[in-house]
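Residue numbers (the working numbering): 93 to 468.
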């Protein structure tokens, strides 16, 4: 398993949960829940297409591999209904159904709409297409010789056990699932899909098209001490507030630490943080505050500034002139994004090529009539 990327391993567990709850013991479902929510949010649109190349990208092979694990839980049986054959290899309806049920259970709105037979059939067809893609990858990978296959298989079996994924799997089924996983990964890696090289010109073109989205406004990193005073309040209250502010100034001018004085005297919620407000931009604070801060040299104390909140004394810790980031600053970020995009494109091309060469027979009825939990 040394050649398998850590990204692939990270998402093993998630897709087993996505496929069917029966494969996962109850104590593992909580761990999978957070990842499931994240992936569901990111892939809501792609899920409607039935395309594995987009629905499970960028970590597609992990998702496919987990389908292999789940579907290995049942042996071939002449009594099982065949949904499709891929180069003669059967895909059974009881492998398709859990994918559909899982989606219905996690999306009540879809479940309500799925009462119509047409939509239910479409969902079955999308799930079947995903399983066909899995089988195509496995068959293609089976042609690759893997010198350390047994070591990789053993490592995957250990991984299943470590993540409590073995409840419904016999020893033979675990090894069968791991073997299929190894062959899928071998094909994935042999085609260079794990780490495709993004052309430099593509990165630069993307940067030029999108750099304005990352343009930063000028900002200052600032801390302050606030003594509250209502501008329309009694003169006596204003005088008391000025007196407390003078106390703060005296302590600061005597060299006392700004954070300590802020914690002792400031009436802002930031007092607990030593008065630190972080980076602020124009428009985020009263204009009197912003004007004083932007005109102040880094490290200096301001004069007393009055705003609608009361009296402030500021200290600017840093200044950011803003502007668009440089290509050098953004290159690695854009490369990572574009590599994910390129991986999806290459994988979609790979599926298209594999399908073109394959003999695929579909037996799924025109209308799905199998009762589905959650649709009644």
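Even glycine gets a Cβ: it sits at the ideal position worked out from N, Cα and C.
Where residue 351 sits in the DSSP three-state scheme: Sequence index remark: in the chain shown, residue 351 carries index 259 (1-based). Note: residue 351 maps to helix in three-state DSSP.
Along the chain, where does the alpha helix (DSSP H) that runs through residue 435 open and close? Numbered from 1 along the chain shown, position 343 holds the residue referred to as residue 435. Residues 419-449.
Provide the residue span of the alpha helix (DSSP H) that contains residue 332, from first to last. Numbered from 1 along the chain shown, position 240 holds the residue referred to as residue 332. Start and end: 327-345.
Under 8 Å: do the region 312-327 and the region 354-365 share three or more Cβ pairs, one atom per stretch? yes
Which whole-angstrom value describes the C-beta separation of residue 402 and residue 333, a residue pair presumed to lie in contact below a C-beta threshold of 8 Å? One-based indexing of the chain shown puts residue 402 at position 310. One-based indexing of the chain shown puts residue 333 at position 241. Going by Cβ atoms, the distance from residue 402 to residue 333 rounds to 6 Å, so yes, they are a contact pair.
With the cut-off set at 8 Å, would you say residue 431 and residue 288 are in Cβ contact? Taking the first residue of the chain shown as 1, we reach residue 431 at position 339. Taking the first residue of the chain shown as 1, we reach residue 288 at position 196. Cβ atoms of residue 431 and residue 288: closer than 8 Å.
Let me confirm a value: residue 456 is counted as buried when at least 16 other C-beta atoms fall within 10 Å, else exposed. Which label applies? As a first step, residue 456 must be located in the chain shown, where it is residue number 364. Counting Cβ neighbours within 10 Å, residue 456 comes out buried, since at least 16 surround it.
Considering only DSSP beta bridges, list what residue 483 is partnered with. No statement about residue 483 is possible, as the shown extent of the chain runs from 93 to 468 and does not include it.
Leaving out the 5 sequence neighbours to the left and right, which residues in its chain are closer than 6 Å to residue 123 when beta-carbon positions are compared? For the purposes of this step, residue 123 is taken as the residue at position 31 of the chain shown. Only weak support exists for where residue 123 lies, its pLDDT of 28 falling under 50; the value from the coordinates is given anyway. Taken in chain order, the list of residues that qualify is empty.
Would you mind giving the Cβ-Cβ distance between residue 179 and residue 451, rounded to the nearest angstrom? I have them listed as a contact below 8 Å. Counting from one through the chain shown, the residue named residue 179 turns up at place 87. Counting from one through the chain shown, the residue named residue 451 turns up at place 359. Between residue 451 and residue 179 the Cβ distance is about 5 Å, and since that is below 8 Å, they are a contact.
The region 222-237 contacting the region 273-284, beta-carbon criterion three pairs below 8 Å: yes
Alpha-carbon to alpha-carbon, residue 193 and residue 385: Position 293 of the chain shown, counted from the start, is the residue given in the question as residue 385. Position 101 of the chain shown, counted from the start, is the residue given in the question as residue 193. The alpha-carbon atoms of residue 385 and residue 193 are separated by roughly 58 Å.
Residue from 314, 299 and 388 with nearest C-alpha to residue 307: To locate residue 307, count along the chain shown from 1; it is residue 215. The candidate whose alpha carbon is nearest that of residue 307 is 299.
Which residues in the same chain have their Cβ closer than 6 Å to the Cβ of residue 350, if we skip the five residues on either side of it in sequence? Your numbering for residue 350 matches position 258 in the chain shown. If we look at residue 350 and ignore the five residues flanking it on each side, its Cβ neighbours are 407.
Between residue 398 and residue 380, how many whole angstroms is the CB-CB distance? I'm expecting something under 8 Å. Within the chain shown, the letter at position 306 stands for residue 398. Within the chain shown, the letter at position 288 stands for residue 380. With a Cβ gap of about 7 Å, residue 398 and residue 380 count as contacting.
Beta-carbon within less than 6 Å of residue 382's beta-carbon, same chain only, minus the 5 sequence neighbours each way: which residues are those? Walking along the chain shown from the start, residue 382 turns up at place 290. Only 374 meet the Cβ criterion.
Please check the pair residue 410 and residue 390, which I expect to be a contact at CB under 8 Å, by giving their CB distance rounded to whole angstroms. Within the chain shown, the letter at position 318 stands for residue 410. Within the chain shown, the letter at position 298 stands for residue 390. Between residue 390 and residue 410 the Cβ distance is about 6 Å, and since that is below 8 Å, they are a contact.
Taking Cβ positions, are residue 442 and residue 285 nearer each other than 8 Å? Taking the chain shown and counting its residues from 1, one reaches residue 442 at position 350. Taking the chain shown and counting its residues from 1, one reaches residue 285 at position 193. Yes; because the gap between Cβ atoms is below 8 Å, this pair is in contact.
Own chain residues within Cβ distance below 7 Å of residue 219, not counting five before or after: The residue you call residue 219 lines up with position 127 of the chain shown. Contacts found: 188, 191 and 192.
Starting from residue 398, trace the alpha helix (DSSP H) in both directions and tell me its first and last residue. Here residue 398 corresponds to residue number 306 of the chain shown, with the count starting at 1. Element bounds for residue 398: not the alpha helix (DSSP H) but the beta strand (DSSP E), 397-399.
Exposure label - residue 453; buried when at least 16 CB within 10 Å: On the chain shown, position 361 is the one that residue 453 refers to. Flag for residue 453 reads exposed.
Residue range of the beta strand (DSSP E) that residue 382 falls in? As a working note, residue 382 is residue 290 in the chain shown. Not the beta strand (DSSP E): residue 382 falls in the alpha helix (DSSP H), residues 379-387.
Contact check, residue 274 vs residue 312, beta carbons under 8 Å: The residue given as residue 274 occupies position 182 in the chain shown. The residue given as residue 312 occupies position 220 in the chain shown. No.
Exposed unless 16 or more other CB atoms sit within 10 angstroms - verdict on residue 400: Residue mapping note: residue 400 aligns to position 308 of the chain shown, counting from 1. It counts as exposed.
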